[in-house]
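Notes follow once the structure below has been shown.
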Amino acid sequence: DTPSQRVQFILGTEDDDEEHIPHDLFTELDEICWREGEDAEWRETARWLKFEEDVEDGGERWSKPYVATLSLHSLFELRSCILNGTVLLDMRANSIEEIADMILDQQVGSGQLSEDVRHRVHEALLKQHHHQNQKKLSNRIPIVRSFADIGKKQSEPHSMDKNGQIVSPQSAPTCIENKNDVSRENSTVDFSKVDLHFMKKIPPGAEASNILVGELEFLDRAVVAFVRLSPAVLLTGLAEVPIPTRFLFILLGPLGKGQQYHEIGRSIATLMTDEVFHDVAYKAKDRNDLVSGIDEFLDQVTVLPPGEWDPTIRIEPPKNVPSQEKRKIPGVPNGTAAHGDAEQPGGHSGPELQRTGKFFGGLILDIKRKAPFFWSDFRDALSLQCLASFLFLYCACMSPVITFGGLLGEATEGRISAIESLFGASMTGIAYSLFGGQPLTILGSTGPVLVFEKILFKFCKEYGLSYLSLRASIGLWTAILCIILVATDASSLVCYITRFTEEAFASLICIIFIYEALEKLFHLSETYPINMHNDLDLLTKY
Numbered sequence: 014d015t016p017s018q019r020v021q022f023i024l025g026t027e028d029d030d031e032e033h034i035p036h037d038l039f040t041e042l043d044e045i046c047w048r049e050g051e052d053a054e055w056r057e058t059a060r061w062l063k064f065e066e067d068v069e070d071g072g073e074r075w076s077k078p079y080v081a082t083l084s085l086h087s088l089f090e091l092r093s094c095i096l097n098g099t100v101l102l103d104m105r106a107n108s109i110e111e112i113a114d115m116i117l118d119q120q121v122g123s124g125q126l127s128e129d130v131r132h133r134v135h136e137a138l139l140k141q142h143h144h145q146n147q148k149k150l151s152n153r154i155p156i157v158r159s160f161a162d163i164g165k166k167q168s169e170p171h172s173m174d175k176n177g178q179i180v181s182p183q184s185a186p187t188c189i190e191n192k193n194d195v196s197r198e199n200s201t202v203d204f205s206k207v208d209l210h211f212m213k214k215i216p217p218g219a220e221a222s223n224i225l226v227g228e229l230e231f232l233d234r235a236v237v238a239f240v241r242l243s244p245a246v247l248l249t250g251l252a253e254v255p256i257p258t259r260f261l262f263i264l265l266g267p268l269g270k271g272q273q274y275h276e277i278g279r280s281i282a283t284l285m286t287d288e289v290f291h292d293v294a295y296k297a298k299d300r301n302d303l304v305s306g307i308d309e310f311l312d313q314v315t316v317l318p319p320g321e322w323d324p325t326i327r328i329e330p331p332k333n334v335p336s337q338e339k340r341k342i343p344g345v346p347n348g349t350a351a352h353g354d355a356e357q358p359g360g361h362s363g364p365e366l367q368r369t370g371k372f373f374g375g376l377i378l379d380i381k382r383k384a385p386f387f388w389s390d391f392r393d394a395l396s397l398q399c400l401a402s403f404l405f406l407y408c409a410c411m412s413p414v415i416t417f418g419g420l421l422g423e424a425t426e427g428r429i430s431a432i433e434s435l436f437g438a439s440m441t442g443i444a445y446s447l448f449g450g451q452p453l454t455i456l457g458s459t460g461p462v463l464v465f466e467k468i469l470f471k472f473c474k475e476y477g478l479s480y481l482s483l484r485a486s487i488g489l490w491t492a493i494l495c496i497i498l499v500a501t502d503a504s505s506l507v508c509y510i511t512r513f514t515e516e517a518f519a520s521l522i523c524i525i526f527i528y529e530a531l532e533k534l535f536h537l538s539e540t541y542p543i544n545m546h547n548d549l550d551l552l553t554k555y
């Protein structure tokens, strides 16, 4: 199977477990920093909600969101990390300490990490996390910061809980007394360190994906781990915002490759914001599924030549993000030739036009599709912004009804005129809007209806028939035939109607109107004949 087919199979499987239902993700990239004379800490360098935001030089502010550009080499390095590193899916853990223990036990057991450095790597993973917004928020809340500083100065070694995370001043005594109580520990959130303005941008129900990368001088080979927690756990202080963490990606390696680790971290973070890989990460059963997700992403990427593009240029986010649904359905990968029987753009392939084979099957499916949005259509209309649309639609519907109603009155000698057209358009408009659910259908009199009424009235007049009685019979028979067509799913035949068919009917109407215009001119010439022997000198005497 190709990566695209494998991904489509993964996304097509239905899992009753709620833990595998994809959620919106907030992704954060932290890098470990070593400074002389001070303890190491994890510093936030970038974040992704939809697009990438970087901490600008100096760490004072965030950059504007932009489309992340990745190097192809870092994507292949990431693929190698997932293929050869530790992958733990559906891990059950309640703290970062438990997660670190499970990862390192797996690394030591597989021979990827020596027991000698296990403890030092464990300590590094539990270092304090410093987020970019903490300094900014401390300026807003000087009282809270002053208390926090006092606590830090008085008990620097003791102000950290067993996870190596700073405990909020309000809850420090409780957490110190209950160091072994994991649930109490993880439920402690210092809201003085939360950017409430940014928190409003996080969608409800969102989960976090934490990327931890960095260099450690005592390592001689990289430590790589991809973890998916089940259920998601709120790890206090790990993420910038207090939301439960679902994914962790850890990459720690020897000195000298810091920029390479940073780019790999950006690659996995960008992948987690990709609509397709994001769903694959939630539903993956093993590392092969994750690798297939990366391969499918590589099938879709576009490579820019290094001599013709400056990678430091930041691309502005598009106003309209293109849909990725076509990547989730069977098709052909990017750059390959399509089969001859591939569906052309604009084809009729919607579920509404598929034959069900059941009595009124199409109608039942239409009702099921419409029912969830039925009441919301009325609630959404109770907005002042809709007033302009109401007035526009009123005028747009009223004008042709009155115009064609007047023409119908002339054509039918007053039997159907503007009043009848207004009443009929109002009744059908209300009924169709309530039960039809299709706002684009033209209701009321139109050009083809006018032509039909003229022909029918002329027919009734020539044969001495009652026009209104025959018109009512035609309406009843039309309703009966439409019910039969709906019951037998004959509406699926609409997919065979091409542009040629539409143009043929439109041309017929045009020809009829042109013919009537010429006919009126001919009759006008009989009433007021053209004087072929005119004399300009006698013009005022005619």
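Residues in the sequence shown are numbered consecutively from 14, following this note's numbering. For every residue, glycine included, the Cβ atom is placed at its ideal position computed from N, Cα and C.
By the criterion of a C-beta distance shorter than 8 Å, T459 is surrounded in its chain by P413, F417, once the five residues flanking it on both sides are discounted. Taking C-beta separations shorter than 6 Å and ignoring five residues to either side along the sequence, the partners of I522 in its chain run G460, P461, following chain order. Residue environment for N97: exposed (fewer than 16 other C-beta atoms within 10 angstroms of its C-beta). Rounded to the nearest angstrom, the gap between the Cα atoms of D308 and F89 is 9 Å. Within the same chain, Q337, R340 come within 6 Å of V289 by CB-CB distance, once the 5 residues on both sides are set aside. Shown here for G227: same chain residues with a beta carbon closer than 7 Å to its own, the five before and five after excluded, namely E44, I45, L265, Y274 in chain order. Where W388 is concerned, the enclosing alpha helix (DSSP H) starts and stops at 374 to 394. The closest CA to that of K213, considering only D299, L435, P255, I493, is found on P255.
Fewer than three Cβ pairs drawn from the stretch 100 to 112 and the stretch 75 to 84 lie within less than 8 Å of each other, which leaves the two stretches out of contact.
Across the set H132, N107, E66, L303, the C-alpha of E66 shows the shortest separation from the C-alpha of F211. Assignment of I543 by DSSP, reduced to helix, strand and coil, places it in the coil class. In this structure A282 touches W61 by the C-beta definition: roughly 5 Å separates them, less than 8 Å. Secondary-structure assignment with DSSP links M285 through no beta bridge to anything. Around the beta carbon of F310, 16 or more other beta carbons sit within 10 angstroms, so the residue counts as buried. Uninterrupted alpha helix (DSSP H) stretches at least 4 residues long and entirely within the stretch 469 to 497 do not occur.
Comparing alpha carbon positions, the residue from A245, F262, H135 closest to D103 is A245. The beta carbon of T258 sits closer than 8 Å to those of E220, A221, S222, N223, L242, A245, V246, L247, L248, L251, A252, all from its chain and outside the five residues before and after it, given in chain order. Counting the other Cβ atoms within 10 Å of the Cβ of G488 gives fewer than 16, which makes it exposed. Pairing F64 with P330 gives a Cβ-Cβ distance under 7 Å. Secondary structure note for G427: it is in no alpha helix (DSSP H), with a DSSP letter that is neither H nor E. G271 sits in a helix when the DSSP states are folded into three classes. Ranked by Cα distance from R428, the first of D393, F386, R484 is R484. Counting C-beta atoms within 10 angstroms of its own C-beta, I510 has fewer than 16 neighbours from the protein chains shown and is therefore classed as exposed. The three-state secondary structure of N223, taken from DSSP, is strand. R392 sits exposed, since fewer than 16 C-beta atoms from the chains shown fall within 10 Å of its C-beta.
The beta-bridge partner set that DSSP reports for W61 consists of T40, E65. Judged by DSSP secondary structure, G306 falls within the alpha helix (DSSP H) whose first and last residues are 300 to 313. Cβ atoms of S305 and R19 come within 8 Å of each other, at about 4 Å. The residue among V130, A59, L506 with its C-alpha nearest the C-alpha of R368 is L506. When secondary structure is reduced to three states using DSSP, L139 falls in the coil class, being assigned neither helix nor strand.
Looking at the DSSP output, A238 shares a beta bridge with T99, I263. Between L268 and the set D302, F231, T286, S504, the nearest pair of CA atoms involves F231. C-alpha of S486 to C-alpha of K383: approximately 32 Å in a straight line. Annotation: the continuous alpha helix (DSSP H) that includes H210 extends over 209 to 212. With a beta-carbon spacing of about 15 Å, E475 and A424 fall beyond the 8 Å limit used to define contacts. For P16, the enclosing alpha helix (DSSP H) starts and ends at 16 to 25.
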